[in-house]
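Protein chains in written order, with the working numbering: chain A, 41 to 259; chain B, 89 to 473.
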Amino acid sequence: MIEIRDLRFAYGSGFALSVPVLDVAARERVAVVGPSGAGKTTLLNLVSGIAVPDAGRVTLDGRAISALPDRARRAARAASVGFVFQEFALVDYLSAEENVLYPYRVGTGLALDKEARARARALLAEFGLGEKTRRRPAQLSQGERQRVAIARALVTRPKVILADEATGNLDPANKAAALDLLFAQAAETGAALLCVTHDHELLPRFDRVIDFADLGGTA
Amino acid sequence: MNALYLAAANLRFHWARTLVLVVAAALVLSVPVLTRTLLAQGEAQLGARAEATPLLLGTRGSRLDLVMAGAYFTDDLPEPTNMAASEAVWDSGLGIPVPLHTRFTAGGARVVGTTLDYFDLRALEVAQGRPFALLGEAVLGAGAAARLGAGPGDAILSDPENLFDLDGAYPLEMTVVGVLAPTGTPDDDAVFVDIKTAWVIAGIGHGHDDILAEGEDAAAAAARAVQYARITPENIDSFHFHGDPATYPVTAVMVAPYDDRSATILRGRYLDAEGPVQAVVPADVIEALVARLLRIAALVDAVTLVVGIAAGLALGLALFLSWRLRAPEMRTAFALGAGRGTIARMALAEVALVIAGAALLALPLVIVLLSQAPTIAARLIALGS
Chain A
41 MIEIRDLRFA YGSGFALSVP VLDVAARERV AVVGPSGAGK TTLLNLVSGI AVPDAGRVTL
101 DGRAISALPD RARRAARAAS VGFVFQEFAL VDYLSAEENV LYPYRVGTGL ALDKEARARA
161 RALLAEFGLG EKTRRRPAQL SQGERQRVAI ARALVTRPKV ILADEATGNL DPANKAAALD
221 LLFAQAAETG AALLCVTHDH ELLPRFDRVI DFADLGGTA
Chain B
89 MNALYLAAAN LRFHWARTLV LVVAAALVLS VPVLTRTLLA QGEAQLGARA EATPLLLGTR
149 GSRLDLVMAG AYFTDDLPEP TNMAASEAVW DSGLGIPVPL HTRFTAGGAR VVGTTLDYFD
209 LRALEVAQGR PFALLGEAVL GAGAAARLGA GPGDAILSDP ENLFDLDGAY PLEMTVVGVL
269 APTGTPDDDA VFVDIKTAWV IAGIGHGHDD ILAEGEDAAA AAARAVQYAR ITPENIDSFH
329 FHGDPATYPV TAVMVAPYDD RSATILRGRY LDAEGPVQAV VPADVIEALV ARLLRIAALV
389 DAVTLVVGIA AGLALGLALF LSWRLRAPEM RTAFALGAGR GTIARMALAE VALVIAGAAL
449 LALPLVIVLL SQAPTIAARL IALGS
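Pasting the structure below:
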């Protein structure tokens with residue numbers, strides 16, 4: 041599902057990331073660990089096409105996303121990648137349901153239709169938020185917000201789910217519940233899950249753990 | 089549509105900030121329109137009234153004061169001339185003189201002492217009741233009637249000039265006998281009486297019981313006389329005037345020359361700079377005034393433009409800062425596949441909605457003002473010269 045070959049990326053500040061080989065298969069649940077500043081978030085940006093590598097290739101669902109022009113890359117990201125952010129990144133002026141549908145409002149090439157609305161409501165109901173679809177983020181608990189954020193990542197049925205410290209702001213019970221949801225949905229849709237985390241207690245639940253140092257040559 | 093939806097949702101959520109932005113933008117949009125409309129309306133009304141007033145005679149002095157008092161009944165009064173000026177026009181056979189005495193007010197409305205010729209020259213129609221015929225009768229302009237809540241059969245009282253001036257004019261109760269149809273001119277806000285009634289208010293004429301005892305000195309008897317403050321059918325015959333009628337004061341004499349030649353001759357008769365009376369053509373005076381106002385209006389326009397730009401920049405800054413606060417949302421949108429175009433459309437949609445809201449708010453304001461512009465302009469003109 042994700043295939044990285046001879047990836048090199050450098051910021052102007054001198055930071056550079058090098059990933060010779062990285063493969064993540066469909067349905068595979070991979071945790072990425074490493075010290076802060078090692079480039080974990082940069083890796084997610086390169087996988088999703090937000091950042092373009094200086095050299096090498098990133099293939100997503102069989103398409104070399106790193107070689108696509110800007111608009112096509114955005115469309116591929118909107119259609120194939122689901123994001124879960126550490127701070128949830130919900131939009132404060134939208135209801136829970138509208139937050140879940142937000143990718144359809146802004147994503148290149150996505151069209152909001154009845155099916156998308158039905159899926160958003162179904163996801164929220166499945167996540168125990170069926171009665172709170174009209175509530176805004178400020179009216180939800182931390183755990184509920186994270187569930188809304190996960191529903192947003194899943195609503196487009198992405199091939200790849202990228203999670204950046206997705207459970208970092210949750211208490212242990214909510215952490216486990218959020219991970220359960222992610223794993224279950226990824227399994228259902230066959231999506232690959234690449235999850236950056238600092239939480240070593242969660243690592244045994246993943247199929248594979250990539251220590252960032254093993255990727256080869258962060259500097 | 090998505091950009092509009094998100095912009096509307098954001099503006100609705102931050103409704104207080106949106107309200108401030110919309111009201112501010114509405115003011116920026118409407119104030120120039122409002123000032124321009126009022127100015128144009130005021131200019132039109134001033135011009136129309138001046139055109140309808142062929143010639144004014146009055147004591148030599150400020151031409152503007154004479155025109156404003158004689159044609160617009162404003163508060164700043166010129167030194168009065170006298171009835172001799174009016175009689176001189178009659179005697180010349182060159183036009184119809186209409187004396188105007190505008191020194192007093194009743195309930196805040198200007199009391200215009202004149203003759204019935206005034207109604208003919210101004211083409212005023214009595215909508216209720218009849219024109220004044222006797223001493224102490226009054227005909228109200230439509231606006232004055234509405235403001236005073238008075239109609240035929242009611243009584244109104246002239247305002248005392250100064251409560252502490254024992255030698256000043258005392259209030260006279262006048263009976264309303266008619267109300268004029270509205271004209272959209274200063275006549276609407278005036279109270280019309282016979283000029284003799286105005287002189288009674290001034291104390292030149294009065295009525296009292298015949299108290300002169302046989303063999304008594306008239307001056308001694310006068311000291312005992314109690315003057316009437318109301319003119320009734322019973323006491324009207326006792327009213328009389330003292331002194332030479334030619335010396336009775338008038339604020340101005342409106343003159344309707346019979347033709348252009350008569351007008352030219354009349355104007356020529358008052359060209360002597362040493363003479364006590366001057367003749368002014370109101371249209372000339374108002375033309376000069378409007379020209380001056382237009383120069384001021386150009387300055388106001390420039391100031392409005394600068395203020396508008398400043399207000400626009402302030403609004404832009406407010407929107408920009410609120411946009412900066414939404415930077416995390418933009419990063420999320422970008423991560424979810426939004427392009428710069430989408431982000432720009434969201435920002436533009438927000439600006440467009442604020443401007444649309446402002447226009448919606450400003451539109452009724454402007455429409456109401458446009459419909460009321462004649463009345464407001466007339467009030468502004470009546471406020472004073």
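Backbone N, C-alpha and C define an ideal beta-carbon position, used for all residues, glycine too.
Asked	Found
Of all Cβ atoms in chain A, is any one closer than 8 angstroms to the Cβ of B:T430?	yes
Is it buried or exposed for A:K154, if we count other Cβ within 10 angstroms and need 16 for buried?	exposed
List the residues of chain B whose Cβ lies closer than 8 angstroms to the Cβ of A:L100, in chain order.	Result: empty, since nearest Cβ-Cβ is about 13 angstroms, beyond 8 angstroms.
For a quick check, are the C-beta atoms of A:G79 and A:R113 less than 8 angstroms apart?	no
For chain B, find out if any of its Cβ atoms is closer than 8 angstroms to the Cβ of A:L83; answer yes or no.	no
Leaving out five residues on either side along the sequence, give the residues of the same chain with a beta carbon under 7 angstroms from the beta carbon of A:I142.	For clarity, residue 142 of chain A is Tyr in the given sequence; the question names Ile instead. Cβ neighbours of A:Y142 beyond the five flanking positions: V131, L134, R192.
By the 10 Å Cβ neighbour count, where 16 or more other Cβ atoms means buried, how is A:Y51 classified, buried or exposed?	exposed
So what does A:D204 bridge to, in DSSP terms?	A:V236
Taking the CB atoms as reference points, tell me whether B:Y358 and B:L152 lie closer together than 8 angstroms.	no
Can the beta-carbon of B:V267 be found closer than 8 angstroms to that of B:G201?	no
So what does B:I374 bridge to, in DSSP terms?	Its beta-bridge partners do not exist; DSSP assigns none.
Would you be able to state if there are at least three C-beta pairs under 8 angstroms between the segment 92-104 of chain A and the segment 210-222 of chain A?	no
Between the Cα of B:R467 and those of B:A197, B:R191, B:A398, spot the shortest distance and give me the residue it belongs to.	B:A197
On the CB-based measure, 16 or more other CB atoms within 10 Å of its CB, does A:P60 come out buried or exposed?	exposed
Can you list, in chain order, the residues of its chain whose CB lies under 7 angstroms from that of B:G272, leaving out five sequence neighbours each side?	P462, A466
When the cut-off is 8 angstroms and only beta carbons count, does A:I90 lie next to chain B?	yes
Comparing the C-beta of B:E139 with each C-beta of chain A, is any distance below 8 angstroms?	no
Taking the straight line between their C-alpha atoms, what separation do you get for B:E225 and B:E249?	20 angstroms
Under 8 angstroms, Cβ to Cβ, is there at least one residue of chain A near B:P416?	yes
For the beta strand (DSSP E) holding A:G58, just list the boundary residues, first then last.	A quick correction: the sequence has Ser, not Gly, at residue 58 of chain A. Taken as a continuous stretch (DSSP letters only), the beta strand (DSSP E) holding A:S58 covers 56-64.
Could you list which residues in chain B have their beta carbon closer than 7 angstroms to that of A:R111, in chain order?	G427
Sorted by chain position, which residues of the same chain lie with C-beta nearer than 7 angstroms to A:A91's C-beta, five sequence neighbours on each side aside?	F49, T82, N85
Starting from A:I190 and walking both ways along the alpha helix (DSSP H), at which residues does that stretch end?	182-194
With three or more C-beta pairs closer than 8 angstroms as the rule, is the segment 325-338 of chain B touching the segment 169-179 of chain B?	yes
At the level of alpha carbons, what is the spacing between B:L223 and B:V279?	14 angstroms
Could you name the residues of the segment 392-423 of chain B whose beta carbon sits closer than 8 angstroms to any beta carbon of chain A, in the order they occur along the chain?	P416, E417, R419, T420, A421, F422, A423
Here's a check: name, in chain order, each residue in its chain whose Cβ is nearer than 6 angstroms to the Cβ of B:Y346, leaving out the five neighbours to either side.	G183
Restricting to Cα atoms, I'd like to know which of A:M41, A:L57, A:R197 is closest to A:Q225.	A:R197
Contact criterion: CB-CB distance below 8 angstroms. Does B:A215 meet it with respect to chain A?	no
Compute the Euclidean distance between the alpha carbons of B:L143 and B:G135, then round it to the nearest angstrom.	14 angstroms
Can you tell which of B:T352, B:P168, B:I374, B:A398 has its C-alpha closest to the C-alpha of B:T190?	B:P168
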